[in-house]
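*Asks:* There's a structure below that I have some questions on.
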């Protein structure tokens with residue numbers, strides 16, 4: 005029984021290693037994205053959302069209260 009458990013554990017571990025994993029990824033709202041263009045656009049959108057366009061440097065914090 006223990007040998008079967010060890011064998012199953014090794015098979016699962018080897019499969020995880022053998023599967024190619026993306027080198028670069030981002031987690032946005034709990035989802036993993038590997039498309040660099042999508043991540044770049046989302047980052048720019050986020051920066052625009054929090055950029056201060058008024059004289060008050062803390063105006064972005066007011067947006068978080070909503």
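Numbering (the numbering used here), first residue to last: 5 to 70. Think of the CB as a built atom: it goes at the ideal place given N, C-alpha and C, for glycine as much as any other residue.
1. When the cut-off is 7 Å and only beta carbons count, does residue 68 lie next to chain D?
2. Starting from residue 37, follow its DSSP beta bridges and name the residues at the other end.
3. Going by beta carbon distance, what residues of the same chain come within less than 7 Å of residue 40, once the five residues before and after it are set aside?
4. Can you look up residue 46 in the DSSP assignment and give me helix, strand or coil?
*Replies:* In this structure, then:
1. Protein chain content of the structure displayed is limited to a single chain, and chain D is not contained in it.
2. What you label residue 37 is simply residue 33 of the chain shown in a count that begins at 1. Answer is 30.
3. Position 36 of the chain shown holds residue 40. 28.
4. Looking up residue 46 in the chain shown gives position 42. Three-state DSSP puts residue 46 in a helix.
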